[in-house]
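Start counting the sequence shown at -14; every next residue gets the next number (this note's numbering).
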Amino acid sequence: MMRHEITVSIPPEQCTHCHARGNRIGTTFTGLIEHAYIGTGKAGPFDEHANPQESLFTKEYNLVRPDVHAERGMECGDCHSSIDVHGDGNIYPVTFYQVEVGCADCHGTPQKYPWELPVGYGTPIVLAGERGTIKTGSTEHLLTTRGNARTRWLREGDKAWIVHTGDGARREIPLLKNKALHGEWRTQQGKVAMEVVSQHLDKLECYACHSTWAPQCYGCHIKYDARKEGTDWPLSAENHDSTGKQVITKAPGDIALENVGYIRWENPILAISYKGRVAPVVPGCQTIWTFVDENGVVTEHNKVYTTSTGHPAPTLAPLQPHGNTAAARPCRSYTQFAPESMCTRLS
């Protein structure tokens, strides 16, 4: 007899069932980036006859480097709360507003411990006063930036610990204020960036510098062929036979091919996020369409649609890539995309 066991120890591989597309933060957290998926002669952009490029390689994954938290044995649930996963009853326009945890919730800043920061730190709405901790008996629990307690984030004096959801082991959380007080920065560059140049923490997300890589997929080339038959997923979801089994419903027209134009991973571009802070940005779903009608005539060739405001639909979106490393990317890496250094513009 099969028994189902509910657990809070959810491995990252479970999360990547969904989080392997779009932002790709699940696979990035585990250190993986996909090849361009063009293994069967299906690569875009398409030519004037709607034919794909020649095959280069299959859709597989290369190992770049796991997130520093993954390298230390942490799982997604060690940081992300049930509110992050299941919601809080509100509908948000972007996931940036849905997620309640931030880097400073555990690590604090060089000037303040996490419990000394205000609720809302790092967001557009900041409340007055320290957020403090919440006690259950003699145990003190850290709070998220929204003021919600995390049962596995613990404070003991001027130290903080996280209780791993997997094995229950306690891991000490590096606190930036302790590094500043005791001169424990690993490098002089780290001291300057984190402690001396205060504008960094005022204007940048931590992962603007510490996420040294992110999958960046430019151009999703899609070929729609009216001569083919595809699945009508909305109708299929409604149709069931007498036993309750879903009946797959077919419809004329299908996405014949879908492929990427170009993938890179190094040094993601930076921009101002919805929160008004500098963050990495990656391409959104940059769809480029080619349409073939019932007679095999190409009616649209690599068409890029425009938004209601008249702007080209392909866009870049801010995110937390989940490709963090202890050593941040150097300032000079930003000059690839801007005429002047990010450090200069912040000063």
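The beta-carbon is built from N, C-alpha and C at its ideal position, and this holds for glycine as well.
Distance from the CA of residue 67 to the CA of residue 289, rounded to the nearest whole angstrom, comes to 38 Å. Residues 234 and 236 of the same chain have their beta carbon placed closer than 6 Å to that of residue 217, with the five preceding and five following residues left out of the count.
Beyond the five residues adjoining it in sequence on each side, residue 151 comes within less than 7 Å, by CB distance, of -6 and 60 in the same chain, given in chain order. With contact defined as three or more Cβ pairs closer than 8 Å, the segment 219 to 233 and the segment 197 to 204 are not in contact. For residue 283, the enclosing beta strand (DSSP E) has its first and last residue at 283 to 288. With a contact defined as Cβ atoms closer than 8 Å, residue 262 and residue 190 qualify at about 5 Å. With fewer than 16 other CB atoms across the displayed protein chains lying within 10 angstroms of its CB, residue 153 is exposed.
When the Cα atoms are used, residue 132 and residue 105 turn out to be separated by approximately 8 Å.
Counting only runs of at least 3 residues, the segment 120 to 173 fully encloses the following beta strand (DSSP E) elements, listed from N- to C-terminal order: 124 to 128, 134 to 141, 144 to 148 and 155 to 158.
Assignment of beta-bridge partners to residue 196 by DSSP yields 309. Taken in chain order, the unbroken stretches of beta strand (DSSP E) that lie wholly in the segment 212 to 277 and span 3 residues or more are 235 to 251, 254 to 257, 263 to 268 and 272 to 277. Checking the DSSP bridge columns, you'll see residue 201 partnered with 249.
Annotation: the continuous alpha helix (DSSP H) that includes residue -3 extends over -3 to 0.
By the Cβ-count criterion, residue 311 is exposed, with fewer than 16 other Cβ atoms from all chains shown falling within 10 Å of its own Cβ. About 31 Å separates the beta carbon of residue 205 from that of residue 313, a gap too long to meet the 8 Å contact definition.
Annotation for residue 283: 35 and 277 place their beta carbon closer than 6 Å to its own, counting only its chain and skipping 5 residues before and after.
Annotated three-state conformation of residue 32 is coil, per DSSP. For residue 89, the uninterrupted alpha helix (DSSP H) segment begins and ends at 88 to 92. Taking the Cα positions, residue 77 is about 13 Å away from residue 70. Take the alpha-carbon of residue 123 and the one of residue 146: they are about 15 Å apart. A straight-line Cα-Cα distance of about 14 Å links residue -8 and residue 0.
A residue is called buried once 16 or more other Cβ atoms fall within 10 Å of its Cβ, and residue 113, having fewer, is exposed.
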